[in-house]
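Peer 1:
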Amino acid sequence: MTERTAILFDGDPGVDDAFALALAARHLDIVGLTTVFGNASVAHTTRNALAVAGHLNLTCPVVSGADTPIEAPNAQMLEHARTIHGEDGMGGADLQTDRLPDGDDAPAFIVDTLRGSGATLVATGPLTNVARALQLDPTLADGLDISLMGGSATNGNVTAVAEFNIHADPEAAAYVFASGANLTVAPLDITSTFGLGEAEIARLEAGNTLARELGAAARFYRGRQLERFGRGYAPIHDVCAIVPLIRPALITFETMHVAVECSGTHTRGMTVCDRRSPVVAEPSNATLGMQADGTAIVELLMEALL
Numbered sequence: 000m001t002e003r004t005a006i007l008f009d010g011d012p013g014v015d016d017a018f019a020l021a022l023a024a025r026h027l028d029i030v031g032l033t034t035v036f037g038n039a040s041v042a043h044t045t046r047n048a049l050a051v052a053g054h055l056n057l058t059c060p061v062v063s064g065a066d067t068p069i070e071a072p073n074a075q076m077l078e079h080a081r082t083i084h085g086e087d088g089m090g091g092a093d094l095q096t097d098r099l100p101d102g103d104d105a106p107a108f109i110v111d112t113l114r115g116s117g118a119t120l121v122a123t124g125p126l127t128n129v130a131r132a133l134q135l136d137p138t139l140a141d142g143l144d145i146s147l148m149g150g151s152a153t154n155g156n157v158t159a160v161a162e163f164n165i166h167a168d169p170e171a172a173a174y175v176f177a178s179g180a181n182l183t184v185a186p187l188d189i190t191s192t193f194g195l196g197e198a199e200i201a202r203l204e205a206g207n208t209l210a211r212e213l214g215a216a217a218r219f220y221r222g223r224q225l226e227r228f229g230r231g232y233a234p235i236h237d238v239c240a241i242v243p244l245i246r247p248a249l250i251t252f253e254t255m256h257v258a259v260e261c262s263g264t265h266t267r268g269m270t271v272c273d274r275r276s277p278v279v280a281e282p283s284n285a286t287l288g289m290q291a292d293g294t295a296i297v298e299l300l301m302e303a304l305l
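Residue numbering for the sequence shown follows numbering that gives the first Met the number 0, beginning at 0 and increasing consecutively.
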């Protein structure tokens with residue numbers, strides 16, 4: 000039997016984070032789950048994480064973390080999140096749980112759990128917890144593999160150039176990208192190109208308890224995507240941070256240097272991807288997904304849920 004890759008999952012559940020958790024639970028060993036603000040307040044994202052973990056029979060610690068960015072609150076990000084995910088982050092889906100979190104210091108938990116463990120850190124929300132963990136122990140970055148969803152080599156979604164997770168806390172993202180950790184990035188360029196359509200959502204709504212609840216959340220999410228972006232599907236952005244750990248051939252990658260813009264009237268939160276010739280480009284610090292087999296990724300997720 001193949002040994003499962005160990006991961007610590009840091010996210011902001013969130014509809015697509017919940018799908019990512021479900022896929023991870025099917026194929027990986029989740030040793031810890033930490034939560035951050037983003038798709039909703041950290042109180043909501045923590046409750047959502049606990050509820051989904053319960054449905055997935057996960058017994059790992061669940062620890063809450065940051066409810067604000069490292070520097071300043073981001074009103075534009077909060078409004079975007081409410082519009083897309085609803086006030087509770089799950090489009091009002093009826094997720095129930097009696098479980099309470101196992102702590103509220105996610106950065107310390109990340110350091111304690113990852114130090115010397117060999118586990119991969121998966122990050123599907125703003126990078127505040129991750130940056131604070133690396134600030135607590137900068138040596139943690141040495142040899143650390145991080146698979147994250149965030150950024151874009153082309154267009155943004157919160158602004159013309161900034162993707163939601165990076166825009167939510169650019170200072171944190173800049174710290175992580177400059178940390179020296181081994182970064183595998185699923186950017187908006189690929190994650191926004193496919194998702195769950197009516198057929199997949201109907202299959203979920205006819206499935207088990209978790210599938211039905213996530214199907215209801217996906218239907219809400221798809222409706223908001225149609226209103227805001229004209230898409231007829233619910234993107235599963237965060238699932239793409241799990242795929243490289245279980246089916247890497249489904250995504251085509253390029254290595255490059257990525258910097259995060261922390262100022263600029265129109266460019267704050269932009270990921271500046273240096274795709275110039277290696278002769279003149281900055282040294283690579285990240286591996287970015289540039290193409291994805293969306294059909295295969297959707298089916299991989301459906302198999303995990305049904």
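Beta carbons: idealized from backbone N, C-alpha and C, even for Gly.
Computed from a prediction, not measured in an experiment: that's the story for all the values here.
By Cβ distance below 6 Å, which residues in the same chain neighbour A216 in space, the five residues on each side in sequence not counted?
Peer 2: V14, M89, G90 and A92
Peer 1: Given a cut-off of 8 Å on the beta-carbon distance, is the pair G231 and T112 in contact?
Peer 2: no
Peer 1: What residues in its chain sit with their C-beta under 6 Å from that of R211, if we drop five residues either side in the sequence?
Peer 2: Here the set comprises E204.
Peer 1: Starting from H256 and walking both ways along the beta strand (DSSP E), at which residues does that stretch end?
Peer 2: I250 to V259
Peer 1: Measure the alpha-carbon distance for A17 versus V51 and round it to whole angstroms.
Peer 2: Answer to the nearest angstrom: the Cα atoms are 7 Å apart.
Peer 1: So what does D9 bridge to, in DSSP terms?
Peer 2: T33 and A122
Peer 1: Would you decide whether A161 is buried or exposed? Buried here means 16 or more other CB atoms lie within 10 Å of its CB.
Peer 2: buried
Peer 1: Just the Cα atoms here: how many angstroms apart are I245 and H26?
Peer 2: 7 Å
Peer 1: Kindly say whether S40, judged by its beta-carbon, lies nearer than 8 Å to any beta-carbon of chain D.
Peer 2: This model lacks chain D altogether; it includes just one protein chain.
Peer 1: Please classify H54: is it buried, with 16 or more other beta-carbons within 10 angstroms of its beta-carbon, or exposed?
Peer 2: buried
Peer 1: Less than 8 Å between the C-beta atoms of A21 and L304, yes or no?
Peer 2: Yes; because the gap between Cβ atoms is below 8 Å, this pair is in contact.
Peer 1: With three or more C-beta pairs closer than 8 Å as the rule, is the segment 65-78 touching the segment 168-177?
Peer 2: yes
Peer 1: How long is the line joining the alpha carbons of R267 and N207, rounded to whole angstroms?
Peer 2: 42 Å
Peer 1: With H, G and I counted as helix, E and B as strand and the rest as coil, what does DSSP make of G194?
Peer 2: strand
Peer 1: When DSSP labels each residue in this structure, what does N156 get in the three-state scheme?
Peer 2: Here N156 carries a coil assignment [DSSP, helix/strand/coil].
Peer 1: Are the beta-carbon atoms belonging to T123 and A240 less than 8 Å from one another?
Peer 2: yes
Peer 1: Can you give the Cα-Cα distance for A172 and D292, rounded to whole angstroms?
Peer 2: 27 Å
Peer 1: Does the beta-carbon of D28 have 16 or more other beta-carbons within 10 angstroms, so that it is buried, or is it exposed?
Peer 2: Around the beta carbon of D28, fewer than 16 other beta carbons sit within 10 angstroms, so the residue counts as exposed.
Peer 1: Out of curiosity, what's the CA-to-CA distance linking G155 and T251?
Peer 2: G155 and T251 have their C-alpha atoms spaced approximately 20 Å apart.
Peer 1: Let me check understanding here. Comparing Cα to Cα, which of M301, A105 and H79 lies closest to N164?
Peer 2: H79
Peer 1: Just curious, the beta strand (DSSP E) that G115 is in, first and last residue?
Peer 2: No beta strand (DSSP E) contains G115, which DSSP labels as neither H nor E.
Peer 1: When the Cα of D9 is compared with those of H43, T158 and T127, which residue comes out closest?
Peer 2: Nearest of H43, T158 and T127 to D9, Cα basis: T127.
Peer 1: Taking C-beta to C-beta, are N38 and H84 nearer than 8 Å?
Peer 2: N38 is a Cβ neighbour of H84, given a cutoff of 8 Å.
Peer 1: Can you tell me which of the three DSSP states T183 falls into?
Peer 2: strand
Peer 1: Among A280, R274, L287 and V35, whose alpha-carbon lies nearest the alpha-carbon of A130?
Peer 2: V35
Peer 1: Please name the residue in L7, T82, E2 and E86 whose C-alpha comes closest to that of V41.
Peer 2: Nearest C-alpha to V41: E86.
Peer 1: Provide the residue span of the beta strand (DSSP E) that contains A285, from first to last.
Peer 2: A285 to A291
Peer 1: Using CA coordinates, which residue listed in L135, R81 and D104 is at the minimum distance from S63?
Peer 2: D104
Peer 1: In its own chain, which residues sit with a C-beta less than 6 Å from the C-beta of A309, not counting the 5 before and 5 after it?
Peer 2: Since the first residue shown for the chain is 0 and the last is 305, residue 309 is missing from the structure and cannot be characterised.
Peer 1: Measuring alpha carbon to alpha carbon, tell me which residue in P12, C59 and A19 is nearest T44.
Peer 2: P12
Peer 1: Note down, in chain order, each residue of its chain lying with its Cβ closer than 6 Å to the Cβ of I189, except the 5 sequence neighbours on either side.
Peer 2: G288 and A291
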